[in-house]
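The sequence shown begins at -19 in the working numbering and counts up by one. Every residue gets a Cβ at the ideal spot worked out from N, C-alpha and C, and that includes glycine.
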Amino acid sequence: MPDVRLASPQGKWIMLTTVLGSSMVLLDSTVVNVALPRIGRDLDADLAVLQWTVNAYTLTLAGLILLGGSLGDRLGRRKVFVVGVVWFAAASLLCGIAPSSGVLVAARALQGVGGALLTPGSLALIQASFHPDDRGRAVGLWSGFGGIGAAVGPFVGGWLVDGPGWRWVFLLNVPLALLCAPIAVRHVPESADSRAHGRFDVLGAFLGALALALVTYALIEARSGTVLVVSAAVAGLAAAVAFVYVEKRRPDPMMPLDIFDSRQFTAVNLVTLCVYAAFAGFFFFAALQLQVAVGYSALAAGTALLPTTALMLLLSARSGELGARIGPRIPLTAGPLLSAAGMLLMLRVGPGSSYVADVLPALLVLGLGMVTLVAPLTATVLGSVDTARAGLASGINNAAARAAGLISVAALPLVIGMGEQSYRSATAFDQAFGRAMVVCAGVLVVGAGVAFATVRRLPPDCRSPECRTHGSILAPPLEGERARRRLA
């Protein structure tokens, strides 16, 4: 049984290294959007390159995050975590020195692989290391500090872009990794799951990532209408069918399909797809709109977006408590509708708009909508499956959110008829932004309708999420397998 106490020197070192590791990923998920206009200008890139700069990272992270957790359980959580940290830092260095857009996109894909190794590992290390009496508080601290990292990410990113340059958005990860990895090797105990057995589902992970990659490519390049694009779309759908076939037949699949036998679990994942597709589209376009159309600096744009994450940090725990009292149906219906209202208020944001009168009210309404829905969504995911599968359910839900964001960033410019060079023109981009906000709001309304029609009250003995305080805006927070608490 793990016996490290949170107040001990070793406990503090464990908290430091896990927070540093997860913060690297959270920072990178939020700061890059702010840097996109400068990246496009310096590399003379069109809109497709900006989409791939975001999506190459999300693609490998979403496709491999479940496999990354399994690798840690089998091979050693500390070992895989340290490999992930070093891998992430090396890929970040390559991003920072990338001489061309092609190298940058490839390096971003490698970054996502590192993120898939260290993201589940940071939480798993906490749960495997701390005494059961301290584990809940340790997880709470981990999620809270991670949320703070996500909150300051756009501010730090904007400051770096306006100061030493966008490359330092990536290079910042290198000193963090140089601090994180040695602490982990010296102070974090190694652990593995003795119950884990069977072969790794490498084929399932490959097919899942391949399907996402091909569909994403087809959506981003669809304007060309070439045979290659059509072939990629067909091949992507075929890879998705093959993924389902493989996962059905494997004895130890990466994503056991029988978990979707729970109607509640399936329903809440449909809601997840809708809301996080809208959120990813919003934050991709909003960071560009504030700089291209409104004229903000990168620092001002990053700072302007802070209210949404700040509200998540301040109110997510209370939202979870409210959801536990009244059930998830109302929050999962009202939250998307509030968020949709916030996005429609963003239609007032354009050249000459005021931050206090136009931008801030929209972000506050959007943030309140996010606060209302995220904690109850996570609780519903965990409450819809057996306790022993809570970690798996959370991982699937997290991957679904990231996949939704991936497809959203790829498809939204196509859906609204946005040109390859539109982000260089304030007028053209402002018009595209307005259409994008209407589409994102519509997707949120669909999510609200799905929640109202399908989500039901949770069992009375359902436990609330351990990650009560968080600031994650592009995916729900990962929750670990809480069966260990009962076995300890």
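Within the segment 150 to 178, the complete alpha helix (DSSP H) segments at least 4 residues long are 153 to 167, listed from N- to C-terminus. Between the alpha carbons of Val354 and Ser364 lies a gap of roughly 16 Å. Along the length of the segment 242 to 307, whole alpha helix (DSSP H) runs at least 4 residues long occupy 243 to 272, 278 to 284, 286 to 306, reported in chain order. Ranked by Cα distance from Lys59, the options Cys447, Pro100, Ala131 are led by Pro100. Taking every protein chain shown into account, the CB of Arg117 has fewer than 16 other CB atoms within 10 angstroms, so this residue is exposed.
Less than 9 Å divides the Cβ of Val14 from the Cβ of Ala278.
The bridge partners DSSP lists for Phe110 are Val(-16). Restricting attention to Ala96, Val423, Phe180, the CA atom closest to the CA of Glu227 is found in Phe180. In the structure shown, Arg436 falls within a coil segment according to DSSP collapsed to helix, strand and coil. DSSP, read as helix, strand or coil, puts Glu201 in coil. Residue range 57 to 76 is occupied by the alpha helix (DSSP H) that includes Arg58. With fewer than 16 neighbouring CB atoms inside 10 Å of its own CB, Thr206 falls in the exposed class. In this structure, the straight-line span from the alpha carbon of Ala342 to that of Ser334 is close to 12 Å. A check of alpha carbon separations from Leu270 across Asp26, Ser204, Arg57, Leu340 identifies Leu340 as the nearest. Within the same chain, Leu0, Met4 come within 7 Å of Leu156 by CB-CB distance, once the 5 residues on both sides are set aside. By the Cβ neighbour-count rule, Ile77 is exposed, with fewer than 16 other Cβ atoms within 10 Å of its own. Close CB contacts of Leu183 within its chain, under the 6 Å cut and outside five residues either way in sequence, are with Val226 (chain order). The DSSP-derived three-state label of Gln(-10) is helix. Counting the other Cβ atoms within 10 Å of the Cβ of Phe240 gives fewer than 16, which makes it exposed. Around the beta-carbon of Gln107, 16 or more other beta-carbon atoms lie within 10 Å, marking it buried. Cβ contact annotation for Ser81 (same chain, cutoff 6 Å, sequence separation greater than five): Leu23, Ala25, Val29, in chain order. For Ala220, the enclosing alpha helix (DSSP H) starts and ends at 207 to 229. By the CB criterion at 9 Å, Ala383 and Ala42 fall inside the cutoff.
Straight across, the Cα-Cα distance linking Pro(-11) with Pro169 is about 13 Å. Secondary structure note for Ala337: it is in no alpha helix (DSSP H), with a DSSP letter that is neither H nor E.
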